[in-house]
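Engineer:
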Amino acid sequence: MKVRTASAVLFLALLNFSSFAFAKTPRIVFLGDSLTEGYGVAKEKAYPALIDQKIKAAKLDWQVINAGVSGSTSASAKSRLDWQLKSKPEIIVIALGANDGLRGFKPADTRKNLEEAIVKAKASGARVVLAGMEMPPNYGDKYRDDFRKVYPALAKEQKIDLIPFLLDKVGGAKDLNLEDGIHPNEKGYVIVADNVWKTLEPILKSTTVKK
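See the structure below:
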């Protein structure tokens with residue numbers, strides 16, 4: 202009887218250790234375009250990598266996934282969202298729409314695509330953070346305003362967190378962007394990461410993940 206009891210205790214101890222050892226590190230996915238991928242800079246200089254550094258410095262336990270793909274639009278990214286949801290991320294940051302605006306897509310269409318992505322991500326159980334985007338003034342005041350309003354309106358309607366403007370203090374600044382005037386350089390990405398971190402830090406610190 203003592204042998205059986207000892208064996209049972211050992212089995213339970215090993216089971217608990219195994220569960221602890223293989224507990225999944227919570228994931229945060231950045232679903233975006235070239236601004237997220239880090240076009241023109243080293244991968245470790247893109248803002249998701251800089252966010253990863255901030256997470257480590259804050260001694261938080263999160264795995265950062267950079268799911269940015271150059272040229273991605275709000276429509277084309279929906280299929281990639283399905284793939285990312287398979288890993289059961291706890292948080293998804295949706296940073297899309299820049300290419301929609303640069304190509305003159307209707308803001309209403311961008312809103313529809315973003316809304317579908319948000320609803321799908323929320324249905325998976327993930328917490329969604331939406332990164333706002335704005336267009337240059339040369340696109341016309343009406344288009345610019347209609348496009349900008351998409352993001353806060355969606356965030357309010359869907360009751361999700363909002364990064365007001367991903368490129369705040371970076372967009373249009375020559376010394377913070379590559380020669381194309383669109384993509385941030387290394388200095389620019391430092392500021393972009395700060396913009397994201399202002400919204401993300403309290404979320405990460407307040408999120409309790411069941412393992």
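For the sequence shown, position 114 (counting from the first letter as 1) is numbered 315 according to the numbering used here, and the numbering increases by one without interruption.
For every residue, glycine included, the Cβ atom is placed at its ideal position computed from N, Cα and C.
Being a predicted model, the structure only gives us computed values, none of them experimental.
If D362 sits next to I404, beta carbons under 8 Å apart, how far is it from one beta carbon to the other, in whole angstroms?
Structural biologist: Locating residue 362 in the sequence shown gives position 161, counting from the first residue. Locating residue 404 in the sequence shown gives position 203, counting from the first residue. Yes, D362 and I404 are in contact; Cβ-Cβ is about 6 Å, under 8 Å.
Engineer: Based on the DSSP output, what are the partners of K228 in its beta bridges?
Structural biologist: Here residue 228 corresponds to residue number 27 of the sequence shown, with the count starting at 1. Correcting the residue type first, residue 228 is Arg in the shown sequence and not Lys. The partner list for R228 (beta bridge, DSSP) reads Q264.
Engineer: Identify the residues that DSSP records as bridge partners of P385: which are they?
Structural biologist: Indexing the sequence shown from 1 puts residue 385 at position 184. The partner list for P385 (beta bridge, DSSP) reads N378.
Engineer: Considering only C-alpha positions, which residue in the set L261, S280, I256 and Q264 is nearest to V270?
Structural biologist: Start at 1 with the first residue of the sequence shown, and residue 270 comes out as number 69. With distances taken between Cα atoms, V270 lies closest to S280.
Engineer: Closer than 6 Å by C-beta to G241: which residues in its own chain qualify, once you throw out the five before and the five after it? Chain order, please.
Structural biologist: In the sequence shown, residue 241 corresponds to position 40, counting from 1. Cβ within range, chain order: L379 and H384.
Engineer: Reducing DSSP to helix, strand and coil, say where L363 ends up.
Structural biologist: Taking the first residue of the sequence shown as 1, we reach residue 363 at position 162. Note: L363 maps to strand in three-state DSSP.
Engineer: Quick check on the burial criterion: 16 or more other C-beta atoms within 10 angstroms. Buried or exposed for S273?
Structural biologist: Position 72 of the sequence shown holds residue 273. Its Cβ being crowded by 16 or more others within 10 Å, S273 is buried.
Engineer: Helix, strand or coil: which one does DSSP assign to G233?
Structural biologist: Taking the first residue of the sequence shown as position 1, residue 233 is located at position 32. In the structure shown, G233 sits in a strand (DSSP, three-state: E or B).
Engineer: Among E238, N339 and V320, which residue has its Cα nearest to the Cα of R304?
Structural biologist: Here residue 304 is taken as the residue at index 103 of the sequence shown, counted from 1. When only C-alpha atoms are compared, the closest one is N339.
Engineer: Considering only the beta carbon of each residue, do P308 and F348 sit closer than 8 Å?
Structural biologist: Here residue 308 refers to the residue found at position 107 when the sequence shown is read from its first residue. Here residue 348 refers to the residue found at position 147 when the sequence shown is read from its first residue. Cβ distance < 8 Å, so P308 and F348 count as in contact.
Engineer: Alpha carbon to alpha carbon, what distance is there between A374 and V397?
Structural biologist: Counting from one through the sequence shown, the residue named residue 397 turns up at place 196. Counting from one through the sequence shown, the residue named residue 374 turns up at place 173. Taking the straight line joining both Cα atoms gives about 18 Å.
Engineer: Locate the alpha helix (DSSP H) running through L315, then write down its first and last residues.
Structural biologist: The count along the sequence shown starts at 1 and reaches residue 315 at position 114. Segment P308 to A324, the alpha helix (DSSP H) holding L315.
Engineer: Spatial neighbours of K323 within its chain, please: C-beta separation below 8 Å, excluding the five flanking residues on both sides.
Structural biologist: Walking along the sequence shown from the start, residue 323 turns up at place 122. For K323, where only same-chain residues beyond five positions count, the Cβ hits under 8 Å are V329, Q359 and I361.
Engineer: So, at 8 Å on beta carbons, what are the nonlocal neighbours of A268 in its own chain, with the 5 sequence-adjacent residues on each side left out?
Structural biologist: Within the sequence shown, numbered from 1, the residue matching residue 268 stands at position 67. V230, F231, L232, G233, T237, R281 and Q285, listed in sequence order.
Engineer: Looking at the structure shown, is G302 part of a helix, part of a strand, or coil, going by DSSP?
Structural biologist: Within the sequence shown, the letter at position 101 stands for residue 302. Looking at G302 - three-state DSSP - the assignment turns out to be helix.
Engineer: Taking Y413 as the reference, which of S407, K370, E402 and K406 has the closest Cα?
Structural biologist: Outside the modelled stretch of the chain, which goes from 202 to 412, sits residue 413, for which no answer is possible.
Engineer: Between which two residues does the alpha helix (DSSP H) harbouring A258 extend?
Structural biologist: Taking the sequence shown and counting its residues from 1, one reaches residue 258 at position 57. Where A258 is concerned, the enclosing alpha helix (DSSP H) stretches over Y248 to A258.
Engineer: Would you check if the distance between the CB atom of A250 and the CB atom of I293 is smaller than 8 Å?
Structural biologist: Here residue 250 is taken as the residue at index 49 of the sequence shown, counted from 1. Here residue 293 is taken as the residue at index 92 of the sequence shown, counted from 1. No, these two residues do not count as a Cβ contact at 8 Å.
Engineer: Within its chain, find whatever has a CB closer than 6 Å to the CB of K255; leave out the 5 residues flanking it on each side and keep chain order.
Structural biologist: For the purposes of this step, residue 255 is identified with residue 54 of the sequence shown, where counting begins at 1. Excluding its 5 nearest sequence neighbours in each direction, K255 has C-beta neighbours in its own chain below 6 Å: W398, listed in chain order.
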